[in-house]
Amino acid sequence: MAVSKSIIFVLFTFLAVSLVSSDPDPLQDFCIGDLSARPSINGFPCRNASLVTVDDFIYSGLVNSSNTTNIDRAGATFGTALRFPGLNTLGLSIARLDFLPEGIIPPHTHPRASEMVYVEEGSVYAAIVTADNRLFARVMSRGEVMVIPRGLIHWQMNVGRTNAKIIATLNSQFPGIQFVARSMFGSRPAVPDEVLEKTFFLDAAAIDQVRSNFL
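As numbered in mature numbering (1 follows the signal peptide of the UniProt record, and there is no 0), residues -22 to -1, 1 to 193 make up the sequence shown, in order.
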């Protein structure tokens, strides 16, 4: 009997936590974000529904290529609720990634979203590193899709001779992005040299050289 009561208690607790932690159900058909207001836990306040037009449900920000004139030879254009108000409260966002040959989107994480990447053009070496340091990686070709669990370090690199293009979708309207190297070597204020020396086994000169890339 004690075991049965324990099981019931665990199941009840799990159900209660699941209900509390899940997103609230929408109370209207749509909630176009009012970007002039401050966002709350579930996004922006809704604009007046009578002022909404079809253009609020369409985003043209991915039509043009992302800026690739940088050291990474790659760039990303995001469609989040900050740029595409129609996504407000829907838990979705989208991105376009463009790569010159040898271009890379460096190792990074999305702390608030899982991701799916679809290779539209080119050959891309895509990789995931798990919390137990397992590497899952291979070259993806046009038409292939990869899923990236939330919070895991991952990257994409163009290994073809032509430009590459990826369309990515994420299950958060504010997925966030944190680049590993930039966070450690480009933070403000700076991470103490002693921490970087002990973490990456670098001397002070090497740390200064790496850090100069993020100033």
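For glycine and all other residues, C-beta sits at the position ideal for the given N, C-alpha and C.
- Linking residue 187 to residue 180 through their CA atoms gives a straight-line distance of about 10 Å.
- Residue 35 is a Cβ neighbour of residue 64, given a cutoff of 9 Å.
- Residue 120 sits in coil when the DSSP states are folded into three classes, being neither helix nor strand.
- Within the DSSP bridge table, the entry for residue 74 names 55, 145 as partners.
- Sixteen is the threshold: since fewer than 16 other Cβ atoms of the shown chains lie within 10 Å of the Cβ of residue 94, the residue is exposed.
- Beta bridge pairing from DSSP links residue 132 with 86, 106.
- Counting along the chain, no beta strand (DSSP E) covers residue 175; the unbroken alpha helix (DSSP H) around it starts and ends at 171 to 178.
- Here residue 97 is bridged, per DSSP, to 144.
- In its chain, beyond the 5 residues on either side, 44, 73, 75 have a beta carbon closer than 6 Å to the beta carbon of residue 54.
- Here the stretch 98 to 106 does not lie against the stretch 150 to 157, with fewer than 3 beta-carbon pairs under 8 Å apart.
- By the CB criterion at 9 Å, residue 85 and residue 157 fall inside the cutoff.
- In its chain, beyond the 5 residues on either side, 106 have a beta carbon closer than 6 Å to the beta carbon of residue 114.
- At least 9 Å separates the beta-carbon of residue 124 from that of residue 81.
- For residue 138, the secondary structure class from DSSP, reduced to helix, strand or coil, is coil.
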